[in-house]
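Participant: In my numbering, the protein residues as written are 645 to 1226.
A virtual CB, placed ideally from N, CA and C, is assigned to each residue, including glycine.
Okay, handing you the structure first.
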Amino acid sequence: LRLGHLLFLLLLLSGIIPLAILSWHLSSDYQSVLQDLEIEHLTNSAQRLAEELSSDLARHREQLRLLGLGLVAQPGFATSEERLTAPWVKAHLRQFRDYNPEIINLYVADGADPQGLALSMEGWEVNPHVGAELGAVMDVVRRTGTGAYRFVVLSEAQEPAVIIGVPARSATGRAEVVLLALVEIDLAQRAARAKGAAEEFFLIDNQGKFLWSSSSSTETAQIESALLRTVDFNLELVATTQYDLTVAGRKVQTLAQVGPVRETGWGVVAHKPAAVAFREVRRVFSKALFASALLVVLALGFALAAARWLSQPIQRLAETTHEIAAGNFHRRVEGPGLGFELAELADDFNRMSDYVANYVERLQHAAEVNRELFISTIRAFAATIDAKDPYTRGHSKRVASYSRAIARYLGVPKDMQERVWVSAVLHDIGKIGVGDHILKKHARLTPEEFAQMKRHPVIGAEIVTPIAALREMIPGIRWHHEAWNGSGYPDGLKQEQIPLMARIIAVADTFDAITTNRPYQKAYTAEYALATIEKLAGTKFDPKIVTAFLLACRSGHIDLSRKRDRDNEPAPDLRVAAAGAS
C-alpha cells in the first residue's frame, strides 16, 4: 500500500466520518422534533375532543342539578308523589327542555322508592335497550346518591347519546327526586372539527371497550386488544401508545393518544397510522441522505487531489533518504515539502536499527555487569556481618533464601521477591554497630545489653539510607523485629502497619535463629521450630505469612534436611532468639 493511497483513504475517511455523524445527528434530532410535534398534534386532537365532551356533559349535569333544586325547594308537599303530580311540574320540565334542544327527554322519579311515581315527557318512545339503560342509571343514582353517566345508541343509524342521572336533595340531605336526561351528543360532527389527515376517533370505557367510532373500521377488535395491552386503565386515562394492526394481510404500525372524559371514566382515542404521521420525517431523512451522498462525492474528489499533492514531496524525500543510507551523504532533498515514504524507508530504518541494537546490547551488558557488582557488594556486606560472629556464619544467606521462598508463596511479583531477598541479606547489617562482647555473649543478655542489641535495626537503616539503590530495602532492615500484636521494636508497629517485607523477614529470621546454635542456646529441630512459629501466628507473626512459610517448607522450597544439634533444654527465649540473635 503506497503512501499516496493511504493518504487518500485517511483524507476520505476524515471527511466522510464527521459528515456522516453530523448528518445522522441532524436528521435524528429533526426526526425526533417532528415526531414530538406529530404526537403533540395527536394529543391536542384527543384532548380537545375529550375536553369539549367533558364540558358539555358537566354543563348538562349542572343544569339538571339546578332543576332538581328548584323542584325540591317548592314547599307544601308531604310526599314526592304529591310534588311530581303538581300541575306546574310538567310545564316546568317542558320549558327546561325547550331551552336545551340537545336534551331529547327528561325523566323524574321518586328519589328513594323504586315503586314510587315516575314522570317523563309526553310523546316520547324509547327502544327497549335505552329503557333498560335508563332503569340501570336510575338504580345507580338511588343506590349511591351520586350522579351517573351511561352511553347509549338511539337508533340503527348509531346516533350517540348519553344518559345523565342526578339526585336532587332536600335541606335535610334526603334525595327527594332523581332526574334523568337523555342528551344527544353529535360526536361525528365534533370529531370532524378536531381531526387531521387520516385521523380516526374512538370513545372507549374504562375497560378499553369501544362505545363509539368515527369510522366503520374493521380493526375494532384489534384496537381494543392493543389498548388493553398498552394502556393502564386503572390510572387516569392519559396515555400515548403505539401498536400494530393487521390490515389487508400486512402489519401497520399505529400511533394513538387517549384523552380522559372527566367524571365518566371514558376516554377519547385519537388514532393515526404511523406511516402517515411520520411521512414528513421520512421525507426529511431522504433529503439528508441525498445531501450526504453528494457531499461524499465531493469529499472523494478533494481527498484524491490532496493525496496526490501531499505524496509527491514525500516520494522525493524517500528517494533522497535511500541514497543517503547507501552512502551518498552529499545528496539533498530537492524541491519544497518534507515527508517520508513508509515502504521505502523501512529498510533504511532497519539499517539504523542494527546500529541501535548493537548499542543497546552493549548497554545491557554493562547493566548486567553493574547488577553482578551490586549483588556481589550485597553478599560482601552479608559476609562482613556474619564474620563478626562465628555462630551466625551463613545466617544472612539462609534468611534471604527463606524470605524469598515465603514471598513466592505469597504470590508477590518477581521484583518484590528480589527486593525481599536483598533486604533479608542486609537485615542484620546494623549489628556492625553492636559490640562483640554482646554479640558473642554465652549467657542471657542483661537489660542494658539487650537495649543495645535492640538498636541494630535502627543502625542498619541509618547505614543503608544514603545508598539510593538500597532505600527500597530499608523497611525489612528497620522493622524485621516488629510483632503482629505491637509488642516488637524499634517502633512498636502492629499488624498492617508493619511493611510486608519486614513481616516476611521476621518469620524467616526466627526460624533460622531457633534451628542454629547460638551463644545462648543450642539448635532445635526444624519440626520444633515449625510448631513454635505456627503457635505464634496471630500474636508475633502475621498469620498469612506463617501460612505461606509452612507451605514453602512442606513443598521443599525451604530446606529442612540440614542436620542440627539437638538437646533437651527448655524452649528458647523467643524474645531473644527472634529479636537479638543472629
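On the DSSP bridge assignment, give the partners of Ile808 in chain order.
Facilitator: Within the sequence shown, numbered from 1, the residue matching residue 808 stands at position 164. According to DSSP, Ile808 bridges with Tyr793, Ala825.
Participant: Alpha carbon to alpha carbon, how far is Gly852 from Leu879? Give it in angstroms, no decimals.
Facilitator: As a working note, residue 879 is residue 235 in the sequence shown. As a working note, residue 852 is residue 208 in the sequence shown. For Leu879, the predicted model reports a pLDDT of 44, less than 50, meaning its position is unreliable; a value from the coordinates is still stated below. The alpha-carbon atoms of Leu879 and Gly852 are separated by roughly 12 Å.
Participant: With Lys1041 as the anchor, note down where its alpha helix (DSSP H) starts and where it stops.
Facilitator: On the sequence shown, residue 1041 is found 397 positions in, with the first residue counted as 1. Its alpha helix (DSSP H) spans residues 1039-1054.
Participant: Counting C-beta neighbours from all protein chains within 10 Å, is the total for Asp1080 16 or more, i.e. buried, or is it exposed?
Facilitator: Translated into the one-based positions of the sequence shown, residue 1080 becomes position 436. Its Cβ having fewer than 16 others within 10 Å, Asp1080 is exposed.
Participant: DSSP state of Val1078, grouped into three classes?
Facilitator: The residue given as residue 1078 occupies position 434 in the sequence shown. If DSSP states are grouped into helix, strand and coil, Val1078 belongs with coil.
Participant: Among Glu1116, Ala1113, Arg1162, which residue has its Cα nearest to the Cα of Leu1089?
Facilitator: Reading the sequence shown from its first residue, position 445 is the one you call residue 1089. Cα-wise, what sits closest to Leu1089 is Arg1162.
Participant: Mapping DSSP to helix, strand and coil, what is Thr729?
Facilitator: Stepping through the sequence shown from its first residue, residue 729 is reached at position 85. Here Thr729 sits in coil by DSSP.
Participant: Return the CA-CA distance between Ile661 and His915, expressed in angstroms with no decimal places.
Facilitator: Working through the sequence shown from its first residue, we reach residue 661 at position 17. Working through the sequence shown from its first residue, we reach residue 915 at position 271. The straight-line gap from Cα to Cα measures roughly 40 Å.
Participant: DSSP three-state call for Trp910: helix, strand or coil?
Facilitator: Start at 1 with the first residue of the sequence shown, and residue 910 comes out as number 266. Strand.
Participant: Mind checking Leu938: buried by the 16 CB within 10 Å criterion, or exposed?
Facilitator: Walking along the sequence shown from the start, residue 938 turns up at place 294. By the neighbour-count rule (16 or more Cβ atoms within 10 Å), Leu938 is not buried but exposed.
Participant: Determine the direct distance from the alpha carbon of Leu798 to that of Gly767, and round the result to whole angstroms.
Facilitator: In the sequence shown, counting from the first residue as 1, residue 767 sits at position 123. In the sequence shown, counting from the first residue as 1, residue 798 sits at position 154. Interpretation of Gly767 is limited by its pLDDT of 48, a score under 50 that renders its predicted location unreliable; no figure is taken from the coordinates.
Participant: With distances taken from CA atoms, which of Arg834, Ala1175, Phe1193 is nearest Ile1148?
Facilitator: In the sequence shown, counting from the first residue as 1, residue 1148 sits at position 504. Out of Arg834, Ala1175, Phe1193, Phe1193 has the C-alpha closest to the C-alpha of Ile1148.
Participant: Have a look at Ser1154 and Val1013 and give me their C-alpha separation to the nearest angstrom.
Facilitator: Here residue 1154 refers to the residue found at position 510 of the sequence shown. Here residue 1013 refers to the residue found at position 369 of the sequence shown. It is worth fixing the name first, because residue 1154 is Thr in this sequence and not Ser. Whole-angstrom Cα-Cα distance: 34 Å.
Participant: Between Asp1072 and Gly1104, what straight-line distance do the alpha-carbon atoms span, to the nearest angstrom?
Facilitator: Working through the sequence shown from its first residue, we reach residue 1072 at position 428. Working through the sequence shown from its first residue, we reach residue 1104 at position 460. In a straight line, the C-alpha of Asp1072 is about 7 Å away from that of Gly1104.
Participant: Would you report the Cα separation of Asp742 and Thr788, rounded to the nearest angstrom?
Facilitator: Here the question's residue 742 lines up with position 98 in the sequence shown. Here the question's residue 788 lines up with position 144 in the sequence shown. Straight-line Cα distance between these residues: approximately 30 Å.
Participant: Determine the direct distance from the alpha carbon of Gln1139 to that of Ser1020, and round the result to whole angstroms.
Facilitator: The sequence position of residue 1020 within the sequence shown is 376, counting from 1. The sequence position of residue 1139 within the sequence shown is 495, counting from 1. So the two alpha carbons sit approximately 34 Å from each other.
Participant: How is Gly903 classed by DSSP in three states: helix, strand or coil?
Facilitator: Here the question's residue 903 lines up with position 259 in the sequence shown. Strand, per DSSP.
Participant: By how many angstroms is the C-alpha of Gln691 removed from the C-alpha of Glu907?
Facilitator: Here the question's residue 907 lines up with position 263 in the sequence shown. Here the question's residue 691 lines up with position 47 in the sequence shown. Roughly 15 Å separates the two Cα atoms.
Participant: My output table needs one value for Thr898: the three-state DSSP class, helix, strand or coil.
Facilitator: Position 254 of the sequence shown holds residue 898. Thr898: strand per DSSP, three-state reduction.
Participant: For Gln1165, which beta-bridge partners are listed by DSSP?
Facilitator: As a first step, residue 1165 is located in the sequence shown; it is residue number 521 there, counting from the start. According to DSSP, Gln1165 bridges with Arg1162.
Participant: Going by C-alpha distance, which of Gly1132, Ala1167, Leu697, Thr1191 is nearest Leu1054?
Facilitator: In the sequence shown, residue 1054 corresponds to position 410, counting from 1. Per the Cα distances, Thr1191.
Participant: Report the rounded CA-to-CA distance for Leu855 versus Arg813, giving the unit in angstroms.
Facilitator: The sequence position of residue 855 within the sequence shown is 211, counting from 1. The sequence position of residue 813 within the sequence shown is 169, counting from 1. Looking at the two C-alpha atoms, the distance is approximately 31 Å.
Participant: With a 10 Å radius around its C-beta and 16 neighbouring C-beta atoms as the bar for buried, classify Ile848 as buried or exposed.
Facilitator: Looking up residue 848 in the sequence shown gives position 204. By the neighbour-count rule (16 or more Cβ atoms within 10 Å), Ile848 is buried.
Participant: How long is the line joining the alpha carbons of Glu695 and Arg818, rounded to whole angstroms?
Facilitator: As a first step, residue 695 must be located in the sequence shown, where it is residue number 51. As a first step, residue 818 must be located in the sequence shown, where it is residue number 174. Distance between the alpha carbons of Glu695 and Arg818 is about 32 Å.
Participant: When you compare only the Cα positions, how much space is there between Tyr1172 and Glu1093?
Facilitator: The residue you call residue 1172 lines up with position 528 of the sequence shown. The residue you call residue 1093 lines up with position 449 of the sequence shown. So the alpha carbons of these two residues sit roughly 28 Å apart.
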